[in-house]
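Everything on this sheet refers to the single structure shown next.
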Amino acid sequence: MRNPLTVRHARECWCRMVLYFICFICANIWIDSNFTNSRIDLTADKIYTISDATNDVLKGIKEPIKLRFYASERLEDMGPDYVSLKKRINDLLKVYTENSSGLIVVETLNPRRFSVEEDLAVSDGVQSVPNVIDGSEIFLGLAGRNSTNGRYAISHFGPEREAFLEYDLTRLIYDLSNAKKRTVAIYGDLPLNGDKTQRIQPWTIIDAIERFYETQTLFGTIEKFSDEIDVLLLAEPSEIDQTTLYAVDQFVMRGGRILAFIDPFAEAMNVSSGNGPQPPRKTSIETMKPLLKSWGMEIAERRVIGDLEGALKVQMTKDNRILATEYPAWFDVRKDNFSQNDIVTSNLTNLSFRTAGYIKNLKNSRVTIEPLVWSSTKAGIIDVSQVEYAPDPTIILSELKAQGQKFTLVGRVEGAFNTAFVKGAPKSLTNTDVTDKHTEKSAKSAAIIIVADSDFLSDPTWIETSNIGGQELKVPFSNNGDLVLNALDYLTGSSAMMGLRGRGISKRRFDIIDEMESEAEKNYRSKERALISQIKKNEAIIAKIQKTELKKGVTFTKRQQQEIDQARDEMFILRTELRNVQFSLREDIEGLKSLLSTINIWLMPGLIGLLVIILIFLRTQRERRFFLRES
1 MRNPLTVRHA RECWCRMVLY FICFICANIW IDSNFTNSRI DLTADKIYTI SDATNDVLKG
61 IKEPIKLRFY ASERLEDMGP DYVSLKKRIN DLLKVYTENS SGLIVVETLN PRRFSVEEDL
121 AVSDGVQSVP NVIDGSEIFL GLAGRNSTNG RYAISHFGPE REAFLEYDLT RLIYDLSNAK
181 KRTVAIYGDL PLNGDKTQRI QPWTIIDAIE RFYETQTLFG TIEKFSDEID VLLLAEPSEI
241 DQTTLYAVDQ FVMRGGRILA FIDPFAEAMN VSSGNGPQPP RKTSIETMKP LLKSWGMEIA
301 ERRVIGDLEG ALKVQMTKDN RILATEYPAW FDVRKDNFSQ NDIVTSNLTN LSFRTAGYIK
361 NLKNSRVTIE PLVWSSTKAG IIDVSQVEYA PDPTIILSEL KAQGQKFTLV GRVEGAFNTA
421 FVKGAPKSLT NTDVTDKHTE KSAKSAAIII VADSDFLSDP TWIETSNIGG QELKVPFSNN
481 GDLVLNALDY LTGSSAMMGL RGRGISKRRF DIIDEMESEA EKNYRSKERA LISQIKKNEA
541 IIAKIQKTEL KKGVTFTKRQ QQEIDQARDE MFILRTELRN VQFSLREDIE GLKSLLSTIN
601 IWLMPGLIGL LVIILIFLRT QRERRFFLRE S
């Protein structure tokens with residue numbers, strides 16, 4: 001006969017378990033109904049949590065913004081990277097919508113071929129990419145429109161920029177909510193705008209800037225830079241006077257943004273006339289030294305960087321012979337020497353420099369320079385005297401000693417700065433409206449990006465020009481123009497936009513999967529190549545018959561038509577097999593990933609659940625034995 005105490009205890013245990021389960025279900029229903037928009041981001045890099053900077057931009061929206069998210073249904077053909085990217089974009093757009101007080105409205109469209117949605121995508125500036133399987137058009141982009149019909153678009157989302165997804169989305173929202181075109185003022189002595197009297201064309205960089213910004217080119221003495229200026233671009237201001245220097249200083253004190261190209265030896269300003277050495281020109285480093293000091297940095301005078309790793313090959317004449325040799329003072333910098341987590345440099349692959357200087361932090365400076373681009377460790381210092389007149393690359397190459405350190409070529413400083421004019425405005429400035437408003441410390445955070453090379457902007461440094469059919473064709477071979485536009489894009493953003501940086505990516509790699517993917521791809525690719533080769537043979541057969549008959553001017557015979565039909569039938573079968581092979585490759589890899597993801601997601605919770613059940617069982621057994629002893 002069973003002990004009544006044991007029976008009662010067993011019933012109580014079961015009742016407690018049922019009660020716990022009911023409470024769990026009720027809690028889930030209550031949370032689901034009361035916290036619909038709440039979420040917890042447990043990813044390593046918090047990739048689904050928008051930053052405070054983005055929240056500030058969303059709070060600043062005053063009028064409705066309509067977004068069209070174009071995503072083709074066949075996006076999986078492009079691979080799992082695109083599928084996960086589409087999901088992450090969708091998730092982030094939902095968060096943006098929820099945090100915008102209903103002012104952001106998102107419409108998701110599938111632009112099928114020859115559809116109205118496809119026409120809308122094209123008109124909105126969204127670009128397609130070819131499907132890797134059949135060449136059809138695949139769309140993954142975002143277009144936005146504000147209440148004044150201002151339009152901006154992200155033409156294509158690629159996995160390579162996933163780390164900057166939040167920045168790209170927030171920048172689009174920021175531009176739509178601040179639709180006025182930003183203003184860039186250009187001041188300096190570089191002949192950026194060319195010279196019509198001598199038929200010298202404007203530099204390419206000017207065309208690139210004017211495509212996206214309103215520009216003002218300023219000359220002479222400036223008493224005050226207008227508050228309407230978003231960014232002041234200083235292009236080798238070697239002749240800047242004290243009054244204008246003070247205007248630059250006070251522009252920064254008011255929170256202005258600066259993009260400066262300052263050079264120890266500006267080749268574009270020191271073109272030889274062929275009549276022997278020219279008297280040395282004053283450099284922008286000399287004239288800008290007080291400001292550089294107040295910004296916590298210095299650029300060495302009459303010292304340029306030579307980089308043995310990226311040195312360019314040049315031709316020179318020596319002893320009546322034409323030699324090809326490396327010229328370390330002209331060098332390329334690759335992406336390994338860029339800041340990969342920064343908006344300004346992340347999407348660049350190559351930058352070209354000519355007789356560039358290097359940037360250093362001043363000792364005891366309260367401001368720290370953030371390097372954006374730096375030389376290789378095989379770089380050394382060259383005296384300007386070796387490059388300013390008829391340089392001999394062979395001598396420079398033989399004498400240059402690598403110093404085993406990286407020199408900063410492009411840097412950024414941000415924060416509150418003190419004025420370089422501690423005694424007030426210079427005596428040359430007599431305008432009391434300006435002098436009475438002297439500011440000793442920047443009221444809000446300013447931002448300055450310095451490039452220690454003004455030749456960085458000149459066409460020969462990064463543009464290859466050719467003449468085809470009487471038309472001048474300019475093709476960039478370096479990303480110099482892209483860096484300038486990226487820097488302006490960064491500097492023209494709000495303080496909130498400046499707070500955004502690259503984030504983590506949603507795809508977490510598994511080393512074992514990568515190895516298995518590689519092995520699976522080898523197995524399938526050989527068959528794929530064989531099928532593609534056979535398809536091309538059949539296409540060649542059809543083309544040959546059609547070409548022969550076209551020349552003869554007669555119609556196909558019955559036998560020839562049968563050959564064409566047979567070839568086309570074979571091609572249809574081969575294309576089907578090819579699609580099956582490509583599908584099998586993706587299916588096997590995705591199946592493997594799904595299996596491992598399932599194990600990764602459910603194994604630990606399952607083990608914990610099993611452990612809990614075992615503990616409950618052991619406790620029940622212990623209590624049962626206790627009651628048996630007591631009875």
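Using our numbering, count along the sequence shown one by one with no gaps and you end on 631.
Quick reminder that beta carbons are idealized off the backbone N, C-alpha and C, glycines included.
Remember, predicted model here, so these are calculated numbers, not experimental data.
Expected contact under 8 angstroms - CB spacing of residue i and residue j to nearest Å
| i | j | result |
| --- | --- | --- |
| L245 | P290 | 7 angstroms |
| G357 | D453 | 7 angstroms |
| L409 | W374 | 6 angstroms |
| D77 | I133 | 5 angstroms |
| F261 | L457 | 6 angstroms |
| V333 | I382 | Incorrect: roughly 16 angstroms between the Cβ atoms, too far for contact. |
| T355 | D455 | 7 angstroms |
| S294 | A420 | 4 angstroms |
| I65 | L176 | 5 angstroms |
| L58 | I173 | 7 angstroms |
Distance, residue j Cα to residue i Cα
| i | j | result |
| --- | --- | --- |
| T283 | G79 | 53 angstroms |
| F21 | W30 | 14 angstroms |
| E464 | T377 | 28 angstroms |
| F69 | P393 | 54 angstroms |
| A208 | L603 | 54 angstroms |
| D489 | R257 | 11 angstroms |
| L140 | R151 | 17 angstroms |
| I186 | G102 | 40 angstroms |
| G220 | P191 | 14 angstroms |
| G649 | D482 | Outside the displayed range of the chain (1 to 631) lies residue 649, so it cannot be described from this structure. |
| S466 | K406 | 35 angstroms |
| R145 | S155 | 14 angstroms |
| T492 | T183 | 8 angstroms |
| L711 | G404 | Residue numbering for the chain in the displayed model covers 1 to 631; residue 711 lies beyond these limits and cannot be assessed. |
| I614 | F24 | 20 angstroms |
| G60 | E399 | 57 angstroms |
| I599 | K401 | 56 angstroms |
Residue burial classification, residue i (beta-carbon count within 10 angstroms, cutoff 16)
| i | result |
| --- | --- |
| Q250 | buried |
| K62 | exposed |
| A659 | The requested residue 659 is not part of the displayed model; the chain covers only 1 to 631. |
| G659 | With the chain represented from 1 up to 631, any question about residue 659 goes unanswered, as that position is not in the structure. |
| N90 | exposed |
| N337 | buried |
| V116 | exposed |
| V105 | exposed |
| N149 | exposed |
| P371 | buried |
| K313 | exposed |
| N486 | buried |
| A163 | buried |
| S123 | exposed |
| A324 | exposed |
| N275 | Low per-residue confidence applies at N275: pLDDT is 49, beneath 50, and the placement is therefore not dependable enough to give any value. |
| L348 | buried |
| P111 | buried |
| G306 | buried |
| L611 | exposed |
| T328 | The sequence given here places Pro at residue 328; Thr does not occur at that position. It is buried - the Cβ of P328 has at least 16 other Cβ atoms within 10 Å. |
| L607 | exposed |
| K86 | buried |
| L595 | exposed |
| I395 | exposed |
CB contact check: residue i to chain D, cutoff 8 angstroms
| i | result |
| --- | --- |
| L19 | Of the protein chains in this structure there is only one, and it is not chain D. |
Note to self: List, from N- to C-terminal side, the beta strand (DSSP E) runs of 3 residues or more that fit wholly inside the stretch 177-224.
What the structure shows: 183-188, 214-218
Notebook entry, point to check: What runs of the beta strand (DSSP E), each 3 residues or longer, lie entirely inside the stretch 105-167?
Noted result: 128-130, 137-146, 151-154
Checklist line | Segment contact, 8 angstroms Cβ cut-off, at least three pairs: the stretch 224-238 with the stretch 295-307 | finding: no
Check: Does the stretch 335-342 come close enough to the stretch 248-267 that 3 or more CB-CB pairs lie under 8 angstroms?
Finding: no
Note to self: Going residue by residue through the stretch 224-262, where are the continuous beta strand (DSSP E) segments of at least 3 residues, counting only ones entirely within it?
What the structure shows: 231-235, 257-261
Margin query: Is it the case that the stretch 455-464 contacts the stretch 196-211, given that we only count it when at least three CB pairs across the two stretches are under 8 angstroms?
Written below: yes
Check: Which ranges does the alpha helix (DSSP H) cover as unbroken runs of at least 4 residues, wholly within the stretch 397-468, from first to last along the chain?
Finding: 432-435, 459-462
Notebook entry, point to check: If you pair each beta-carbon of the stretch 235-244 with each one of the stretch 153-167, do three or more pairs fall below 8 angstroms?
Noted result: no
Check: Per the contact definition of three or more C-beta pairs closer than 8 angstroms, is the stretch 431-447 in contact with the stretch 379-388?
Finding: no
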